[in-house]
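Enquirer: This is the structure, below, for whatever I ask next.
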Amino acid sequence: MRSTENYAELQGKCGEVQDNSESDRQLFLERLQTLFDKSFADLRSFAERESRPFEEVRDQVAKWYCQDLFSPIEVPQGSLAERVSSVLRSTSRTLESLEELTGLQSFFLVVNPSDSADEGFLGGTVSGREFWRCHRGCGAAGAKLFQEQCMKAKDAKKSGLRALSNVPLVNAPARKKGPASSLKSEVYASVRDAIRAASGIRNAEMKWTDHSKLEVAYDIRIVGWPSSVPLQNPSHLSVSQNKQVLEALRAGSMSFERIIGPPATGNHPSSSGSRADDDGSEATTEEAMDISWAYQDPDEPNPQVSVHLPNV
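Per the UniProt record's numbering, residue 1 is the first one in the sequence shown, and the count goes up by one each step.
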């Protein structure tokens with residue numbers, strides 16, 4: 001009986017505290033409103049003394065407020081890693097705000113050439129980050145390649161040598177595609193689309209030389225691969241062999257099927273940047289050593305990235 005009375009008394013005190021808190025907030029808002037009204041009155045008086053239109057004074061104050069609102073947030077004290085992370089996330093949020101205001105799309109990649117274990121940081125708008133993740137040769141592999149290139153440049157600078165870029169030039173003249181090249185492109189695109197449809201992972205890629213990797217990476221397996229076609233990249237297959245793969249896929253005699261469980265959902269972008277290697281799957285040691293991503297076949301089409309931005 002005594003415990004029931006204590007509980008009732010405690011409930012009454014909690015209700016009083018809540019009522020007092022709400023009352024304090026209302027008083028706070030009233031005082032803030034009074035200060036706001038006084039500020040406007042002071043601005044009107046200032047405009048009259050300066051013989052300026054009140055709208056001009058008000059607009060200038062509004063500009064200053066917006067500048068302060070979008071100015072970089074003061075970096076909190078702490079370790080260097082915490083401060084760097086704070087700056088990167090603040091920059092990413094600023095670019096997202098810029099998208100909302102102007103519709104501009106962007107992304108940025110940051111790596112640490114002094115730390116080989118650093119995974120990098122990918123920031124910017126959702127569409128920009130998805131473009132980097134899904135574009136062939138980019139994502140975690142591209143971030144690692146960029147980091148390695150920066151390391152070489154750093155070492156060359158120390159030794160006084162000029163670092164020569166070994167990254168393929170993007171403005172190299174395009175070769176005219178013949179029937180064989182078009183066929184290879186069609187094989188690449190068709191197989192990629194089939195894998196992504198079966199796995200549910202929007203940036204899934206074919207493991208041409210080792211089909212068992214599909215089970216590890218995407219929980220799917222290939223059924224009906226033509227027995228006369230070796231496990232090789234389409235660029236290394238003959239026209240006849242590429243035709244066999246494409247015809248088998250179109251006829252349905254070759255397909256990709258899930259092993260267990262529901263379709264994977266792939267990676268979901270965070271709201272304000274993420275680690276550059278966030279690709280929705282855990283890489284095995286063997287996968288980490290696979291550098292097939294570094295070879296961009298000139299005949300292979302770049303995947304089309306379709307990103308649906310949330311309504312704001």
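Built from N, CA and C at the ideal position, the CB exists for glycine as well.
Please classify Asp219 as buried or exposed, where buried requires at least 16 other C-beta atoms within 10 Å of its C-beta.
Expert: By the 10 Å Cβ count, Asp219 comes out buried.
Enquirer: Over what stretch of residues does the alpha helix (DSSP H) that includes Val84 continue unbroken?
Expert: Run containing Val84: Leu80 to Thr102, per the alpha helix (DSSP H) assignment.
Enquirer: As an exercise, report each continuous beta strand (DSSP E) stretch of at least 3 residues that is fully enclosed by the segment 200-233, in chain order.
Expert: Whole beta strand (DSSP E) segments, 3+ residues: 220-223.
Enquirer: Leu237 by DSSP, collapsed to three states: which one?
Expert: Reduced to three states, the DSSP call for Leu237 is coil.
Enquirer: Looking only at C-alpha atoms, which of Gly137, Cys134, Glu99 and Gln147 sits nearest to Thr125?
Expert: Closest option to Thr125, Cα to Cα, is Glu99.
Enquirer: If you count every other CB in all the chains shown that lies within 10 Å of the CB of Glu130, and 16 or more means buried, which is it?
Expert: Buried.
Enquirer: So Arg258 is in the beta strand (DSSP E); what residue range does that whole segment cover?
Expert: Element bounds for Arg258: Ser255 to Arg258.
Enquirer: Just reading off the beta strand (DSSP E) that Gly123 is part of, what are its end residues?
Expert: Note, Gly123: beta strand (DSSP E), Phe121 to Gly124.
Enquirer: Tell me the rounded alpha-carbon separation between Arg250 and His236.
Expert: Computed Cα separation, rounded: 21 Å.
Enquirer: Should Asn171 go down as buried or exposed, given a rule of 16 or more other Cβ atoms within 10 Å for buried?
Expert: In this predicted model, Asn171 has a pLDDT of only 46, less than 50, meaning its place in the structure is not dependable; the value taken from the coordinates is given anyway. Answer is exposed; the Cβ neighbour count stays below 16.
Enquirer: Can you list, in chain order, the residues of its chain with a C-beta nearer than 6 Å to that of Phe108? Leave out the 5 residues immediately preceding and following it.
Expert: Result list for Phe108: Gly123 and Gly124, in chain order.
Enquirer: For the beta strand (DSSP E) containing Val110, name the first residue and the last one.
Expert: Its beta strand (DSSP E) spans residues Phe107 to Val110.
Enquirer: Per DSSP, what kind of secondary structure is Asp277 in: helix, strand or coil?
Expert: Note that Asp277 has pLDDT 47, beneath the 50 cutoff, so the model's placement of it is unreliable and the number below is only indicative. Asp277: coil per DSSP, three-state reduction.
Enquirer: Does DSSP classify Gly139 as helix, strand or coil?
Expert: Gly139: helix per DSSP, three-state reduction.
Enquirer: I need the straight-line Cα distance from Ala224 to Glu247, nearest angstrom please.
Expert: In the sequence under discussion, the amino acid at residue 224 is Gly, which differs from the Ala named in the question. When rounded, the distance between both Cα atoms is 12 Å.
Enquirer: What three-state label does DSSP hand Asp115 in the structure shown?
Expert: Three-state DSSP puts Asp115 in coil, outside helix and strand.
Enquirer: Please name the residue in Gln232, Ala204 and Ala217 whose C-alpha comes closest to that of Arg133.
Expert: If we check each option's Cα against that of Arg133, Ala204 comes out closest.
Enquirer: Considering only the alpha carbon of each residue, which of Gln241, Ile222, Gln244 and Val229 lies closest to Glu257?
Expert: Answer by Cα proximity: Ile222.
Enquirer: Do you know offhand how far Ser39's Cα is from Leu27's?
Expert: Answer to the nearest angstrom: the Cα atoms are 18 Å apart.
Enquirer: So, helix, strand or coil for Ser51, using DSSP?
Expert: DSSP places Ser51 in coil when its eight states are reduced to three.
Enquirer: To the nearest angstrom, report how far apart Phe121 and Arg89 are at their CA atoms.
Expert: Spanning the two alpha carbons is a distance of roughly 9 Å.
Enquirer: Are the CB atoms of Pro230 and Lys184 nearer to each other than 8 Å?
Expert: Cβ atoms of Pro230 and Lys184: not closer than 8 Å.
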